[in-house]
Amino acid sequence: MVSPLKVGILHPYLEGRELDIISGKYPYQHSWACISLSRSSNFTSEVITPSNFNIPQSIIKIINRIFFPRSAGFNYEFGLSEKYRHLDLIYSVSGPLSSVTRLKKTKLVSWVFRPPAKNPTNPFNPYHKSNLKKNHGFLCLTPTAEKYFSHFAPSRFIPWCVDLDLFDGNPPLNQEVAPFFLATGKTERDYKTLIESCKMSNINLRIIGPADQKPNDLPENIMWVSTSTDPPDQAIDYKTLREWYAQCLGVCIPLKGDPEDTCGYTNLLEAMAMRKPVIMTKSGCLHINPADRKCGILVNPNDSSGWASAMNELSQNSTLRKELGNKGRDIAEKEFAPYKFDSAVKEFLYLVLGSDLNPLPKN
């Protein structure tokens with residue numbers, strides 16, 4: 006009988022939130038298969054926790070900037086190779102590690118979203134080519150990332166997932182609200198263009214976004230909820246967010262047009278799961294195109310009139326809204342179910358550890 010494989014899970018964002026995810030209060034997709042790994046009889050999982058050092062935070066920031074840039078950081082990585090040398094593999098949701106060269110027998114599989122903007126010259130940078138070559142595998146959020154990182158180690162593009170129970174696609178509990186569109190998200194959003202489009206019409210819009218992007222002259226037909234600074238946003242709870250998704254006419258994802266961007270993915274999948282049509286800027290390198298898949302509309306970057314036209318079209322055509330929304334839910338159920346994601350991650354970990362250890366059925 007094959008002994009369970011010892012896997013260390015490095016996912017600081019998850020710490021303290023497992024119970025909320027398990028109880029349905031926080032989206033399951035943010036576990037990045039870690040909960041599934043911890044429950045698997047084929048793995049013995051261990052959460053990699055930060056070490057506490059009696060060092061001022063100002064010094065730690067300097068250490069991180071020099072020796073652990075773009076990595077989990079000093080508190081997680083210092084002494085990692087000795088503290089967790091009993092592990093067969095480290096599964097890093099935080100991305101590549103600066104300490105990869107010191108892991109010895111322990112293998113490292115890291116999630117990566119996009120190639121580095123330029124080749125780092127700092128040899129401690131986890132994305133320096135010499136460090137990337139020390140990784141044993143990369144899990145890639147996009148085909149573009151897979152193409153780049155496959156030059157350094159076995160790489161696999163795995164589409165993300167969405168919590169189909171929390172974002173259930175059912176009608177709202179309260180339908181007595183004025184029609185509105187919903188936009189939510191912090192990173193690389195172009196709310197300026199979206200707001201300009203609302204000045205061209207009387208369409209109502211709700212935005213959950215960073216306070217520093219809120220204009221002083223916010224139009225009356227726009228409600229703005231400022232996001233919190235904490236990564237798991239506390240501006241509104243997920244029960245309320247799910248209700249807003251259910252109530253809205255459609256979901257707006259205004260992006261800046263960066264061709265390597267992966268921003269908007271969470272918002273896109275949650276909207277699809279909730280049967281809502283998506284209006285999205287042509288941006289990034291996500292493999293799913295809402296217009297091609299007939300679950301949404303694409304708008305060119307910086308095109309406020311395009312946004313106004315798309316929102317007007319959806320607000321006036323309930324049949325189109327229903328068709329696009331139902332198609333989105335269908336795609337989410339077939340292609341972005343959590344069990345598919347979890348299985349794909351575990352299959353790749355077995356591949357890295359040795360295909361003869363893989364208990365999963367062959368296709």
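In my numbering, the protein residues as written are 6 to 368. All residues carry an ideal CB built from backbone N, CA and C; glycine is no exception. Bear in mind that the values here come from a model prediction, so they are computed numbers and not experimental data.
- Taken atom to atom, the span from the alpha-carbon of residue 264 to that of residue 248 is near 32 Å.
- In this chain, the alpha helix (DSSP H) harbouring residue 42 covers 39 to 44.
- Within 10 angstroms of the beta-carbon of residue 255 lie 16 or more other beta-carbons, which makes it buried.
- No Cβ-Cβ contact shorter than 8 Å links residue 326 with residue 174.
- Residue 244 and residue 186 have their C-alpha atoms roughly 18 Å apart.
- DSSP, read as helix, strand or coil, puts residue 89 in coil.
- The beta carbon of residue 204 lies closer than 6 Å to those of 224 in the same chain, with the five residues before and after it left out.
- In its chain, beyond the 5 residues on either side, 149, 150, 153, 154, 265 have a beta carbon closer than 8 Å to the beta carbon of residue 120.
- According to DSSP, residue 229 shares a beta bridge with 212.
- Residue 131 places its beta carbon less than 8 Å from that of residue 102.
- Residue nearest to residue 88 within the set 345, 73, 56 is 56 (criterion: CA-CA distance).
- Each residue's CA atom was taken as its position, placing residue 156 and residue 140 some 11 Å apart.
- Taking a contact as a CB-CB distance under 8 Å, the pair residue 320 and residue 177 does not count as one, their CB atoms being some 17 Å apart.
- By the neighbour-count definition (other C-beta atoms within 10 Å, threshold 16), residue 260 is a buried residue.
- If you keep only unbroken alpha helix (DSSP H) runs of at least 4 residues inside the stretch 142 to 177, you get 148 to 154.
- If the five residues before and after residue 16 are omitted, its C-beta is found closer than 7 Å to the C-beta atoms of 37, 39, 98, 99, all from its own chain and listed in chain order.
- Fully enclosed beta strand (DSSP E) runs of no fewer than 3 residues occupy 283 to 286, 301 to 304 of the stretch 277 to 360, in order along the chain.
- The stretch 330 to 345 and the stretch 282 to 300 touch, with no fewer than 3 CB-CB distances between them shorter than 8 Å.
- Classified as exposed, residue 27 has fewer than 16 neighbouring CB atoms from the shown chains inside 10 Å of its CB.
- The DSSP-derived three-state label of residue 257 is strand.
- When the five nearest sequence neighbours on each side are left out, the beta carbons in the same chain lying within less than 7 Å of the beta carbon of residue 232 are those of 191, 213, 214, 215, 238, 240, in order along the chain.
- The C-beta distance from residue 267 to residue 147 rounds to 6 Å, short enough to meet the 8 Å contact threshold.
- CA-CA distance, residue 246 to residue 290, rounds to 26 Å.
- Boundaries around residue 96 are those of the beta strand (DSSP E), 94 to 97, since no alpha helix (DSSP H) includes it.
- Comparing alpha-carbon positions, the option among 346, 42, 288, 276 lying closest to residue 171 turns out to be 276.
- DSSP places residue 77 outside both helix and strand once states are collapsed to three, so it counts as coil.
- Taking every protein chain shown into account, the CB of residue 122 has fewer than 16 other CB atoms within 10 angstroms, so this residue is exposed.
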